[in-house]
Amino acid sequence: PSKKVEQWKYTTCNYCSTGCSIEIGLDADKKVVTTRGHAGADVNRGKLCIKGILEHELFDSPGRGSEPLIRDKHYEAFEKTSWDNALDVTAQKIKSIQAQYGKDSFAIVSSGQLMTEEFYTLGKLARGCIGTNNYDGNTTLCMASAVSGYKRSFGSDGPPGCYDDFEHTHCFMAFGSNLPEQHPIIYWRLKEALEKRKFPLIVVDPRVTMLAQFADIHLPITPGTDCVLINAMMFVIINEGLQDQSYIDAHTQGFDEVKALVQDYDPKSAQHICGIDEDTIRNVARIYAKAPAAMSIWTMGINQSTHGSDGVANINNLNLITGNIGKPGGTSLSITGQCNAMGTREWSSCSGLPGYRYLENADDRQEIADFWGIDPEFFPKKRGLAETDIFPAIETGEIKGMWIVATNPMTSMPNTARIRKALEKLDFLVIQDVYEDVETNQYSHVYFPASVWAEKEGCHTNTERRVNLISNVLPPYANSKPDFWIFNQVAKRFDNGKVIDFPDTPEGAFNEMKQLSKGKDRTLDISGMTYEKLVKAKGIQWPYREKSREENCEQDNEAPESLKGDPRLYTDGKFQTKSGKANLLPIKFFNNNEQPCQDFPFWLNSGRVVEHFHTRTRTGKIGNCNKFSPTAYMEMNPDAANELGITHQSYVRLTSRRGDAVVMVQLTQRVPRNMVFIPFHFFDCVNRLTLGLLDPHSRQPAFKQCAVQIETV
Ligand code: SF4
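Going by the working numbering, the residue at position 168 of the sequence shown is 700; the numbering climbs one at a time, nothing skipped.
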């Protein structure tokens, strides 16, 4: 095709949570030929990372599903079928499994990849029509600990800060977050801020990541001991009187308990647990507390731990006692993983009901039941199983059928051999995915081919609560359908689906969400947004409240200021708890992880590379992403390799108590002598080894803390 672009169409990137605005170039024949960053967007200002630059190649990537498929047994060959038959069989199987084994015997697992309107509609279907309580998303693998920690500290989920805080901060501390590879454009924003104005960059990570290489101070912490480091920092801050006592007195509760607890974490003793020497702990604590505004960010290094929720709550503690919440440059900002992990947190109903409402709250159940026009008794009264508990429930026979939407647990879950066996045991499995060759489809009975990214329309919410629009640039491939359409069609096949109104368009669903978001005490208020405004503003942060008629008239011209939501939460020091005060929570460290030992002497750490997204279902199909990052590899310290006679680019077998994996060695000083690192994107590799002990609050697995042995092959 000609490379000449005749038309640019606006949309938003569908990979990570940075939320970059994209334009897709079409030639005279309406063929997609290229992608570029939108220069007018606040988030990315014209920039894209390699994944965004190549994203248009997704439209005609290999392995796309073109027709619905069906079979009786998972080991038989698939047959093509009509959408009507695939949908009828699915609805009938769900009903028969539920009739025989109970409503909760059918589970649904979705992801952070769908549009928000699709989450809302799937939530309506799962909670209001199918009625299973075992409905969750793969966000349990990435952001559940952040959600839990925010709720425990502030009374509600919702990252309180924004990227603009980089421009105002005087100290930036990153916990377990490798921005240049995970969120390259957020890193670019940070770098831009650092070029304008110098402030200390402190990176806490056991590995010398790319971000750690740019740090002023790198703290190579012992895995899983972040709470010890933070408690020791608070020991210094409180005992040297560096805390913001007026903020603590006015806006928090529980300070005395935290003050008492941290007395057990003198840096002199803490250094032996967290591996950071006492002078460095004292130095970092003083820098952080004395900065006029200091901010912390974190990603999976904190969340994917048995102490994930505690880690988040303790980062919040640090920021609350130093008065660093709700002010420019002072914040606790979880850098979300997937493009729409926030959308699923806000609207999917995975952990409750839409719009930060909860099954445990009778008023919330009544409000949603009234809005949907069903009996509130249809809802369970507490949350069901998380994704990480659903697979064990298949093993015990509690769950007999499952519907997996846009996620690939055979690569992403810990201990994947166990996941394979669980999927094989199901009486009925539906896979809904863009790609027919996704690994989980080996075990399915029905396959729904879904449309990809900008073949459909809807919104994402990014890390800084910015809602942005994915416009549909091309029609769906072959006979694939938008996930929104599929959910609506399944709903029509259930009794409540004939009672509840399911809008025909994503914008109709968005309008319902707007109505449900209204309320003066609601932070998650999107009532003032429209699709048109989202495109005009290149994304709007919530809360963005509906204006009065007079205000709207005054702002008819939509001056840019009127298209801005609130950049920060809790600026008035009022939190979403009953008292309005934030909770300071004493976080005691307990060591419950697998540790290296004589038989398994190495820590195994996992993470990402810049070229790939998650389990490579999409980036694995993009030529240049694969050329730059073709295979899995293991980073190993040269001294440790030397002791075992292992050479660069040789192959080794790693063994844990769960399984084994063969991988190529890359010798590098990025990892300490007692640790190896493998990117998690590749099938049948690192997650054959991981243990995945669960955080008790969030049910998120500890992907980054297990022990392995290594031998040459
Ligand atoms: Fe897409 Fe994230 Fe890259 Fe931006 S940084 S282009 S949102 S993958």
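Every residue gets a Cβ at the ideal spot worked out from N, C-alpha and C, and that includes glycine.
For residue i, the three-state DSSP class (helix, strand or coil)
{"i": "D895", "result": "helix"}
{"i": "G862", "result": "strand"}
{"i": "E611", "result": "strand"}
{"i": "K625", "result": "helix"}
{"i": "R1081", "result": "Here R1081 scores only 48 on pLDDT, less than 50, and its place in the model should not be relied on; the value that follows carries that caveat. DSSP places R1081 in helix when its eight states are reduced to three."}
{"i": "G578", "result": "coil"}
{"i": "Q632", "result": "helix"}
{"i": "N1028", "result": "helix"}
{"i": "F651", "result": "helix"}
{"i": "V641", "result": "strand"}
{"i": "Q1073", "result": "strand"}
{"i": "K1052", "result": "coil"}
{"i": "H1270", "result": "Since the first residue of the chain shown is 533 and the last is 1245, residue 1270 is not available in this structure."}
{"i": "E1175", "result": "helix"}
{"i": "K1065", "result": "helix"}
{"i": "T868", "result": "coil"}
{"i": "I906", "result": "coil"}
{"i": "N1137", "result": "strand"}
{"i": "I1002", "result": "strand"}
{"i": "V1022", "result": "helix"}
Cβ neighbour criterion (16 or more within 10 Å) applied to residue i
{"i": "M1196", "result": "exposed"}
{"i": "G1224", "result": "buried"}
{"i": "T741", "result": "buried"}
{"i": "C552", "result": "buried"}
{"i": "F1160", "result": "exposed"}
{"i": "Q1130", "result": "exposed"}
{"i": "F1107", "result": "buried"}
{"i": "F989", "result": "The question names Phe, yet the displayed sequence has Glu at residue 989. Result: buried."}
{"i": "P799", "result": "buried"}
{"i": "E1093", "result": "exposed"}
{"i": "P600", "result": "buried"}
Test item: CB-CB of residue i and residue j under 8 Å
{"i": "G681", "j": "T1109", "result": "no"}
{"i": "L1136", "j": "S1188", "result": "yes"}
{"i": "G933", "j": "D959", "result": "yes"}
{"i": "A1172", "j": "R1205", "result": "yes"}
{"i": "V735", "j": "H750", "result": "yes"}
{"i": "N1004", "j": "T648", "result": "no"}
{"i": "G884", "j": "I1032", "result": "no"}
{"i": "V565", "j": "V537", "result": "yes"}
{"i": "S642", "j": "A938", "result": "yes"}
{"i": "A817", "j": "I847", "result": "no"}
{"i": "T672", "j": "Q1237", "result": "no"}
{"i": "G840", "j": "S677", "result": "yes"}
{"i": "V1245", "j": "V1184", "result": "yes"}
{"i": "W879", "j": "M675", "result": "no"}
{"i": "F1145", "j": "K583", "result": "yes"}
{"i": "V970", "j": "N947", "result": "no"}
{"i": "G861", "j": "T701", "result": "yes"}
{"i": "T622", "j": "I640", "result": "no"}
{"i": "G1286", "j": "I753", "result": "With the chain covering only 533 through 1245, there is no way to say anything about residue 1286."}
{"i": "T1055", "j": "G690", "result": "yes"}
{"i": "A1193", "j": "C1217", "result": "yes"}
The beta strand (DSSP E) enclosing residue i, as first and last residue numbers
{"i": "G1224", "result": "Unbroken run through G1224: none, as it is neither H nor E."}
{"i": "P981", "result": "V978 to P981"}
{"i": "D737", "result": "Unbroken run through D737: none, as it is neither H nor E."}
{"i": "A782", "result": "Taken as a continuous stretch (DSSP letters only), A782 belongs to no beta strand (DSSP E), being part of the alpha helix (DSSP H) at Q777 to H783."}
{"i": "T1244", "result": "C1238 to T1244"}
{"i": "D842", "result": "Not the beta strand (DSSP E): D842 falls in the alpha helix (DSSP H), residues G840 to I853."}
{"i": "Q803", "result": "Q803 -> not in any beta strand (DSSP E); alpha helix (DSSP H) instead, spanning P799 to C806."}
Residue i, enclosing alpha helix (DSSP H) - first and last residue
{"i": "P1038", "result": "P1038 to S1049"}
{"i": "D788", "result": "F787 to V794"}
{"i": "I770", "result": "D758 to N771"}
{"i": "I926", "result": "E919 to E927"}
{"i": "G833", "result": "M832 to N835"}
{"i": "N1011", "result": "No alpha helix (DSSP H) contains N1011, which DSSP labels as neither H nor E."}
{"i": "M742", "result": "M742 to Q745"}
{"i": "G681", "result": "A676 to F686"}
{"i": "T943", "result": "P941 to S944"}
Identity of the residues DSSP links to residue i by a beta bridge
{"i": "W879", "result": "W879 pairs with nothing; no bridge assigned."}
{"i": "A826", "result": "C703"}
{"i": "G933", "result": "F638 and F960"}
{"i": "I556", "result": "K541 and T567"}
{"i": "R889", "result": "L885"}
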